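Residues in the sequence shown are numbered from -11 upward in steps of one, following this note's numbering.
Every residue, glycine too, gets a C-beta built ideally from N, C-alpha and C.
From a predicted model like this one, the values you see are computed outputs, not experimental measurements.
Report on the following structure.
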Amino acid sequence: MSAGSAKAGLWFVAGLLVSLCGCAVGPNYRAPKPDTPAAFAASAAIQPAAATGAAPPDFATWWRSLNDPELDSLVERAIKSNPDLDIALTRLQQARTYEAVVVGHALPEIDASAAAGRGTGSDMARGRAEQGLVSADNTNGLQHINTIAGFDAVWELDIFGKYRRAFEAARYDAQAAAAARYGVITSLIADVVRAYVDLRGLQVRAGILRNASDVLRESLRIVSIRYQRGITNELDVALATRELDTLQAQIAPLDAEVNASQYTLAVLLGEYPEKIIKELSTPNLIPSMPAPVTPGAPLDLLKRRPDIQQAEREIGAATARIGVATANLFPQVALIASIGSQQQGWGTLPEISKHIWSFGPGAVWPLLDFGALDAQADIADLAAHASLMNYRKTILSAVQQVDTALDGYAAQQDRLKYLGDAMVAGQRAVDLATARYNRGLTDFLNVVDAERQFYDLQGQYATAQVSQGEQFVQLYKSLGGGWQGYQSVPGIRVPQPAIVAAFRRTLSSSSP
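Have a look at this one:
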């Protein structure tokens, strides 16, 4: 072969390597385009805020539309101190830090190596020092190489995009972790608002029972006086006593539920119940629910719902890992360099030191592995398909949750309207029955029945208010509202080289 043809061959190989360095095996990720319906099936059930003349709540701060300063304070405190949110932030920081790990593997690595020994062999460093440094030793003019020390550098060339795909996967994983954190924020805000509405509802119901108890106790006193004067019979006294005791039997269990709701809120705030019971023990009304915002189109959920964002980023990470697994099927090429010194000594004369070095490429290509690496690529491909199916399932569930919440909120609106009318009629029935009993036109049983039904209606109305509040919370949670104002996170610490980190961590662990 002529010198010209050899030179041309070297240029061809170099050009091939350069062209290969610009590509990465495996599929390039493109976000899927789901086929979503044009509108929610239940969107017609909700009367939009524009039709009621009320200002629609902002998605990012929807709970503030309830105009409850105590609730606003609880939400902010939960965002600052909730353990689940702290865990989510920690996992996000782990994912972001792992990106630095991948980048570090793609860059040259430099190690220090040294070895020494005595024996019958000519090279005491072999098997003791790094192979790259040992490959540079030179026994010419020496009986033994007793000591060797130097530096090794290895840079695996990313010809087939293994590290580029690994970095893509790490970046998508970090974005998925950020979306997971947003999902925790969305759920946390919804849980706090729901628990607060439940607490106020239970306090209202407990107040209704106490007010009813006072009224029934007064009725019992009046009936007892009438019985003592011979105006009525003992049956009326027995009925009044039965109604009062039956009602009072419900108060203690309801108080226990009130306490349990306070405990739930305390845990959501990352506090012990003892710290906030006094703050929450004062009863207050159930917040009035505003008219909900128009839900928009199901396609809007792709931008708002954190769980959908997380599922989509997970597809990207899984797709990138197909490239990592595919790159393992191809040769791994690295540039290896060493520099240092060797010495003949330790009783061998004369003592001689020499500088040594080596530089050159190295390559490893798995040829026969009985399909293990190909199977790993298939596994990565199947994992990407599973992520795609999970993405589609997440979208289906999200649309279903919005439709359910829309129907549920509309149903509670109708329920409250009719229960309000029934309460007006119930109060009128109590007044009429009491008046007729006082005039001797009816027996006390009608009064008892009218009062029982009226108190039951009051309890139903409070329960319906709570149910409406819960549906309101579920609607905005399903629409993906709440996390938008809490996207900022602290930066990660910049990783340091191993030698610097070793001293830093040693000093930090020894400091008091």
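Residue i, DSSP secondary structure in three states
i: Val90; result: helix
i: Trp509; result: The requested residue 509 does not occur in the structure, where the chain is confined to residues -11 to 500.
i: Asp409; result: helix
i: Asp179; result: helix
i: Asp46; result: coil
i: Glu64; result: helix
i: Gln238; result: coil
i: Gly516; result: Shown here, the chain extends from -11 to 500; a query on residue 516 therefore has no answer.
i: Gln331; result: strand
i: Pro20; result: coil
i: Pro483; result: coil
i: Ala26; result: coil
i: Gln320; result: strand
i: Glu97; result: strand
Test item: CB-CB of residue i and residue j under 8 angstroms
i: Val13; j: Ala315; result: yes
i: Val211; j: Val225; result: yes
i: Asn70; j: Leu176; result: yes
i: Gln400; j: Gln462; result: no
i: Val387; j: Pro275; result: no
i: Leu242; j: Leu204; result: no
i: Ser326; j: Ser123; result: yes
i: Trp51; j: Leu59; result: yes
i: Ala154; j: Val312; result: yes
i: Ala306; j: Ser375; result: yes
Counted within 10 angstroms of its Cβ, other Cβ atoms place residue i as buried (16 or more) or exposed
i: Asp419; result: exposed
i: Lys150; result: buried
i: Ser61; result: exposed
i: Lys465; result: buried
i: Arg84; result: buried
i: Asp391; result: buried
i: Ser101; result: buried
i: Leu467; result: buried
i: Thr382; result: buried
i: Trp471; result: buried
i: Pro283; result: buried
i: Met277; result: buried
i: Asp297; result: According to the sequence provided, residue 297 is Gln. The question's Asp does not apply to it. So Gln297 ends up on the buried side.
i: Asp402; result: exposed
i: Gln446; result: buried
i: Leu190; result: buried
i: Val352; result: exposed
i: Ser496; result: exposed
i: Leu(-2); result: With a pLDDT of only 38 at Leu(-2), under 50, the local geometry of the prediction cannot be trusted, and no value is derived from it.
Chain D within 8 angstroms of residue i, Cβ atoms only
i: Arg427; result: Any reference to chain D falls outside this structure, which holds one protein chain only.
Alpha carbon of residue i to alpha carbon of residue j, nearest angstrom
i: Asp99; j: Ala117; result: 11 angstroms
i: Phe442; j: Asn199; result: 12 angstroms
i: Lys21; j: Leu290; result: 10 angstroms
i: Ala137; j: Pro483; result: 27 angstroms
i: Thr74; j: Leu145; result: Going by the sequence as given, residue 74 is Asp instead of Thr. Taking the straight line from one Cα to the other gives about 39 angstroms.
i: Pro354; j: Phe148; result: 14 angstroms
i: Asn128; j: Gln330; result: 12 angstroms
i: Gln320; j: Ala168; result: 35 angstroms
i: Ile213; j: Asp431; result: 16 angstroms
i: Arg481; j: Leu323; result: 30 angstroms
i: Ala417; j: Pro261; result: 43 angstroms
i: Gly92; j: Ala398; result: 55 angstroms
i: Gln216; j: Arg440; result: 25 angstroms
i: Ser269; j: Leu187; result: 10 angstroms
i: Ser53; j: Val181; result: 12 angstroms
i: Pro11; j: Pro349; result: First, the residue type needs correcting, since residue 11 is Cys and not Pro in the sequence shown. About 20 angstroms.
How do the stretch 292 to 312 and the stretch 159 to 166 stand: do at least 3 beta-carbon pairs fall below 8 angstroms, yes or no?
-> Because the criterion of three Cβ pairs below 8 angstroms is met, the stretch 292 to 312 and the stretch 159 to 166 touch.
Are there three or more Cβ pairs, one per stretch, closer than 8 angstroms when the stretch 255 to 262 is compared with the stretch 428 to 436?
-> With fewer than three CB-CB distances shorter than 8 angstroms, the stretch 255 to 262 does not count as touching the stretch 428 to 436.
How about the stretch 441 to 456 and the stretch 165 to 176: do they share at least three Cβ pairs that are nearer than 8 angstroms?
-> Touching, no, given that fewer than three Cβ pairs across the two stretches are closer than 8 angstroms.
Do the stretch 236 to 250 and the stretch 178 to 195 make contact, defined as three or more Cβ pairs closer than 8 angstroms?
-> The stretch 236 to 250 is in contact with the stretch 178 to 195.
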